[in-house]
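Colleague: Residue 0 is where the sequence shown starts when you use numbering that gives the first Met the number 0, and the numbers rise one by one after that.
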Amino acid sequence: MSEEILINVTPRETRVGVVENGMLQEVHVERASRRGYVGNIYKGRVQRVMPGMQAVFVEIGLERAAFLHASDIVRPQAAGADGAESNGNGHVPSISELVHEGQEIVVQVVKDPISTKGARLSAHLSIPSRYLVLLPYSRTLGISARIEDEAERQRLKDVLSPMIGEDTPGGNRPGYIVRTNAEGQSAESLAFDVAYLGKVWRVVQENIAKAKAGERVYEELSLPLRSLRDMLNSDIEKVRVDSQATYDNVVKFVHKFMPSLDDRIEHYDGERPIFDLYGAEDEMQRALRKEVPLKSGGYLIVDQTEAMTTIDVNTGAYLGNRNLEETVYRTNLEAAQAASRQLRLRNLGGIIIIDFIDMVDEEHKRQVLRMLNKGLARDHAKTTVYPISALGLVEMTRKRTTESLARQLCEPCATCNGRGVLKTAETITYEIFREITRAVRQFDAEKLLVMANPAVVNRILEEESGAVAELEEFISKSIRFQAEEHYSQEQFDVVLL
Numbered sequence: 000m001s002e003e004i005l006i007n008v009t010p011r012e013t014r015v016g017v018v019e020n021g022m023l024q025e026v027h028v029e030r031a032s033r034r035g036y037v038g039n040i041y042k043g044r045v046q047r048v049m050p051g052m053q054a055v056f057v058e059i060g061l062e063r064a065a066f067l068h069a070s071d072i073v074r075p076q077a078a079g080a081d082g083a084e085s086n087g088n089g090h091v092p093s094i095s096e097l098v099h100e101g102q103e104i105v106v107q108v109v110k111d112p113i114s115t116k117g118a119r120l121s122a123h124l125s126i127p128s129r130y131l132v133l134l135p136y137s138r139t140l141g142i143s144a145r146i147e148d149e150a151e152r153q154r155l156k157d158v159l160s161p162m163i164g165e166d167t168p169g170g171n172r173p174g175y176i177v178r179t180n181a182e183g184q185s186a187e188s189l190a191f192d193v194a195y196l197g198k199v200w201r202v203v204q205e206n207i208a209k210a211k212a213g214e215r216v217y218e219e220l221s222l223p224l225r226s227l228r229d230m231l232n233s234d235i236e237k238v239r240v241d242s243q244a245t246y247d248n249v250v251k252f253v254h255k256f257m258p259s260l261d262d263r264i265e266h267y268d269g270e271r272p273i274f275d276l277y278g279a280e281d282e283m284q285r286a287l288r289k290e291v292p293l294k295s296g297g298y299l300i301v302d303q304t305e306a307m308t309t310i311d312v313n314t315g316a317y318l319g320n321r322n323l324e325e326t327v328y329r330t331n332l333e334a335a336q337a338a339s340r341q342l343r344l345r346n347l348g349g350i351i352i353i354d355f356i357d358m359v360d361e362e363h364k365r366q367v368l369r370m371l372n373k374g375l376a377r378d379h380a381k382t383t384v385y386p387i388s389a390l391g392l393v394e395m396t397r398k399r400t401t402e403s404l405a406r407q408l409c410e411p412c413a414t415c416n417g418r419g420v421l422k423t424a425e426t427i428t429y430e431i432f433r434e435i436t437r438a439v440r441q442f443d444a445e446k447l448l449v450m451a452n453p454a455v456v457n458r459i460l461e462e463e464s465g466a467v468a469e470l471e472e473f474i475s476k477s478i479r480f481q482a483e484e485h486y487s488q489e490q491f492d493v494v495l496l
């Protein structure tokens, strides 16, 4: 499988696209006016304690106070081997026992502010590098579950244990998680990361000591460098960067942390915009639509709401050439592959429900679920997929840390106020009639002027002329209608003259 990373930089916006086999699979956007906060560490102040929710709101200098749950609070002196609060039975103490209003606390953003919700925080700090994640308040040494080879897992433990020291009772040795990228890496590469993370943590500790409440003490890398840290590996054939300044920064970063991949970085100075390569720009635009066509003629309907995202599978024009069960099976297989791609491309998270077309054959159900899991295997976000339910639905979750692509690039329609539908001209007609009746009961006027969208006015004059005459007789006043081109279909004004 050929993979490339495209980095597009303009003065106020940076975009990173991941292309696999000539198709855009992921896109990440960062704007200067609204940079993400995930990974940043702050010295915060507890603003409000909520015992009923076992949580607190913490002021960290953002527009809205951030949310911190009791299970995400750690006191370094009481941390257990896994970095979590421990009192012998796994019970999380009351929030009032852990913190109080006005207390200063060091926290890290784990989820950006989304919609009307503030950022989500954790006091379990973690600082990532290329191959490792430093856990300052834990003494564990964990290995990524995606490294499946037992011999390699043991090798990594054997290599790292002497570097990080012994885990002695009461010791202050930090913990580490070995990332998937570490598979097959040399002892020298891992030692470099251990030393790097040690330096970073010392700087963070110095910043914490002198910072005031609400100040940032550690900032996560910019989008291009963060993307390369997390995604650049030997499978990536090329990284194309269309900005000379960003290219220079990327080259320095890669040379320092991934010298073996130096030759993969390329400055793109082609005439075509970089996101026009492989049709990435068009794919982004299509990812903002609800309907996703399938090659077979079927299609998906992707609907994102506050509570969850639903994906509905339809056969559409696909009739198949055998029988109904085979047609449904083939459509669902293609839909499973397309759905896994759309989740990555649109950066959809939280609860996701996929409504596959009903299947009778149990083996078909297993194969469709297998295809979905296979498509999600390359997803960098953590996903959990449950078996097909009795209603034929697949329930799954995908970790969400930032807004979806649509929420980043779009805003609710000013005409329909985000409903996605408009009231019909007929509905607006009857609303106008009711408003006229209401107005004449409240105010004195000789005649009335109704200003509305041309489609509404035309309908009233052509199809409701009899009703207008009856209404004029009922209220004993004349009514004049005026079409306003700039009015939306739901907009109208009743003016008393």
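Note that beta-carbon positions come from the ideal geometry of N, C-alpha and C, so glycine has one too.
(1) Just mark H99 as buried or exposed, buried being the case when its beta carbon has 16 or more other beta carbons within 10 Å.
(2) Near K198, which residues of its chain fall below 6 Å by C-beta distance, leaving aside the five closest residues on each side in sequence?
(3) What does the alpha-carbon distance come out to for the pair F432 and L470?
(4) Can you round the beta-carbon distance between I104 and A69 to whole angstroms, since I take them to be within the 8 Å contact cut?
(5) Could you have a look at R154 and say whether DSSP puts it in helix, strand or coil?
(6) What alpha helix (DSSP H) runs, 4 residues minimum, are completely inside the region 407-452?
(7) With DSSP as the reference, label Y175 as helix, strand or coil.
(8) Hey, how far is the Cα of Q153 from the Cα of F274?
(9) Shortest alpha-carbon distance to V455 belongs to which of D492, L124, E394 and A424?
(10) Closer than 8 Å by C-beta to K381: which residues in its own chain qualify, once you throw out the five before and the five after it? Chain order, please.
(11) Mind checking whether V57 and E219 have CB atoms under 8 Å apart?
(12) Give the straight-line distance between the Cα atoms of F252 and H27, rounded to the nearest whole angstrom.
(13) In the DSSP output, which residue or residues are listed as bridge partners for Q481?
(14) What distance in whole Å lies between the Cβ atoms of E29 and V17, which are believed to be in contact at a cut-off of 8 Å?
(15) Return the CA-CA distance between G417 and M22, expressed in angstroms with no decimal places.
(16) Determine the contact status of V108 and N39, defining contact as a CB-CB distance below 8 Å.
(17) Specify the secondary structure class of Q46 as computed by DSSP and reduced to three states.
(18) Is there a Cβ of chain D sitting closer than 8 Å to that of L375, yes or no?
(19) Can you give the beta carbon distance from T436 to I474, rounded, assuming they're within the 8 Å contact cut?
(20) Roughly how many whole angstroms lie between the Cα atoms of T179 and E236?
(21) Between E434, A144, Y41 and P127, which lies nearest to L224 when the distance is taken from Cα to Cα?
(22) Just tell me which of Y298, D360 and E305 has its CA closest to the CA of E324.
(23) Out of G269, F256, M257 and D234, which has the shortest C-alpha to C-alpha gap to Q243?
(24) Relative to the ligand FMN, is the shortest distance from any of its heavy atoms to the C-beta of V367 smaller than 7 Å?
(25) Tell me whether K398 sits in a helix, a strand or coil according to DSSP, three-state version.
(26) What are the start and end residues of the beta strand (DSSP E) that includes D261?
(27) Should P135 be labelled buried (16 or more other beta-carbon atoms within 10 Å of its own) or exposed?
(28) Return the CA-CA distance between S114 and V420, expressed in angstroms with no decimal places.
(29) How many whole angstroms separate the CB atoms of E484 and P453, which I take to be in contact at a CB cut-off of 8 Å?
(30) Is the separation between the beta-carbon of G297 and that of N322 shorter than 8 Å?
(31) Alpha carbon to alpha carbon, how far is Y385 from E149? Give it in angstroms, no decimals.
(32) So who's on the other strand from Q303, going by DSSP bridges?
(33) Where N7 and T426 are concerned, what is the direct C-alpha to C-alpha distance, given to the nearest angstrom?
(34) Grab me the residues of R119's own chain with a C-beta within less than 6 Å of its C-beta, minus the 5 sequence neighbours each way, in chain order.
(35) Go through its chain and collect everything with a Cβ distance to A54's Cβ below 7 Å, but skip five positions before and after it.
(36) Measure the C-alpha to C-alpha separation of Q366 and L342 and round it to an integer number of angstroms.
Modeller: Result, derived from the coordinates:
(1) Here residue 99 is taken as the residue at index 100 of the sequence shown, counted from 1. Counting Cβ neighbours within 10 Å, H99 comes out exposed, since fewer than 16 surround it.
(2) Your numbering for residue 198 matches position 199 in the sequence shown. Excluding sequence neighbours, K198 sits near nothing in its chain.
(3) What you label residue 432 is simply residue 433 of the sequence shown in a count that begins at 1. What you label residue 470 is simply residue 471 of the sequence shown in a count that begins at 1. Using only the alpha carbons, I get a separation of about 8 Å.
(4) Here the question's residue 104 lines up with position 105 in the sequence shown. Here the question's residue 69 lines up with position 70 in the sequence shown. Not a contact, Cβ separation roughly 12 Å.
(5) Here residue 154 refers to the residue found at position 155 of the sequence shown. Three-state DSSP puts R154 in a helix.
(6) 424-441
(7) One-based indexing of the sequence shown puts residue 175 at position 176. Y175 falls in the strand class under three-state DSSP.
(8) On the sequence shown, position 154 is the one that residue 153 refers to. On the sequence shown, position 275 is the one that residue 274 refers to. Each residue's alpha carbon lies about 42 Å from the other.
(9) Counting from one through the sequence shown, the residue named residue 455 turns up at place 456. Here the closest residue by C-alpha is A424.
(10) Position 382 of the sequence shown, counted from the first residue, corresponds to residue 381. Closer than 8 Å at the Cβ level, and outside the excluded window around K381, lie R397 and K398.
(11) Working through the sequence shown from its first residue, we reach residue 57 at position 58. Working through the sequence shown from its first residue, we reach residue 219 at position 220. Contact flag unset, no.
(12) Counting from 1 along the sequence shown, the entry for residue 252 is found at position 253. Counting from 1 along the sequence shown, the entry for residue 27 is found at position 28. When rounded, the distance between both Cα atoms is 19 Å.
(13) Here residue 481 is taken as the residue at index 482 of the sequence shown, counted from 1. Paired residue(s): M450.
(14) On the sequence shown, residue 17 is found 18 positions in, with the first residue counted as 1. On the sequence shown, residue 29 is found 30 positions in, with the first residue counted as 1. Not confirmed; about 15 Å, so no contact.
(15) Taking the sequence shown and counting its residues from 1, the one referred to as residue 417 is at position 418. Taking the sequence shown and counting its residues from 1, the one referred to as residue 22 is at position 23. Approximately 30 Å, taken between the alpha carbons.
(16) One-based indexing of the sequence shown puts residue 108 at position 109. One-based indexing of the sequence shown puts residue 39 at position 40. Yes. Within cutoff.
(17) As a first step, residue 46 must be located in the sequence shown, where it is residue number 47. The answer is strand: DSSP assigns Q46 an E or B state.
(18) No chain D appears in this structure, which consists of one protein chain only.
(19) Within the sequence shown, residue 436 is the residue found at index 437, counting from 1. Within the sequence shown, residue 474 is the residue found at index 475, counting from 1. Contact flag correct, Cβ pair sits at about 7 Å.
(20) Counting from 1 along the sequence shown, the entry for residue 179 is found at position 180. Counting from 1 along the sequence shown, the entry for residue 236 is found at position 237. About 18 Å.
(21) In the sequence shown, the residue the question calls residue 224 occupies position 225. Taking only the C-alpha atoms, the option nearest L224 is P127.
(22) Locating residue 324 in the sequence shown gives position 325, where the first residue counts as 1. Among Y298, D360 and E305, the Cα nearest to that of E324 is on D360.
(23) On the sequence shown, residue 243 is found 244 positions in, with the first residue counted as 1. Comparing Cα positions, the closest option is G269.
(24) By its list of ligands, the structure shown contains no ligand whatsoever, and the ligand FMN lies outside what it can speak to.
(25) Stepping through the sequence shown from its first residue, residue 398 is reached at position 399. Of the three classes helix, strand and coil, the one that applies to K398 here is coil, per DSSP.
(26) Translated into positions along the sequence shown, residue 261 becomes position 262. Per DSSP, D261 belongs to no beta strand (DSSP E) and is neither H nor E.
(27) As a working note, residue 135 is residue 136 in the sequence shown. P135 is buried by the Cβ-count criterion.
(28) Stepping through the sequence shown from its first residue, residue 114 is reached at position 115. Stepping through the sequence shown from its first residue, residue 420 is reached at position 421. Roughly 21 Å between the two C-alpha positions.
(29) For the purposes of this step, residue 484 is taken as the residue at position 485 of the sequence shown. For the purposes of this step, residue 453 is taken as the residue at position 454 of the sequence shown. Right, their Cβ atoms sit about 6 Å apart.
(30) Position 298 of the sequence shown, counted from the first residue, corresponds to residue 297. Position 323 of the sequence shown, counted from the first residue, corresponds to residue 322. Not closer than 8 Å, so no.
(31) For the purposes of this step, residue 149 is taken as the residue at position 150 of the sequence shown. For the purposes of this step, residue 385 is taken as the residue at position 386 of the sequence shown. Each residue's Cα considered, the two are about 26 Å apart.
(32) Here residue 303 corresponds to residue number 304 of the sequence shown, with the count starting at 1. Q303 is bridged to T308.
(33) Here residue 7 refers to the residue found at position 8 of the sequence shown. Here residue 426 refers to the residue found at position 427 of the sequence shown. Cα to Cα, N7 sits roughly 46 Å from T426.
(34) As a first step, residue 119 must be located in the sequence shown, where it is residue number 120. Counting only Cβ-Cβ distances below 6 Å, and skipping sequence neighbours, we find F66, V109 and K110.
(35) For the purposes of this step, residue 54 is taken as the residue at position 55 of the sequence shown. Result list for A54: F66, L67, H68, A69 and I94, in chain order.
(36) By 1-based counting over the sequence shown, the position of residue 366 is 367. By 1-based counting over the sequence shown, the position of residue 342 is 343. Straight-line Cα distance between these residues: approximately 19 Å.
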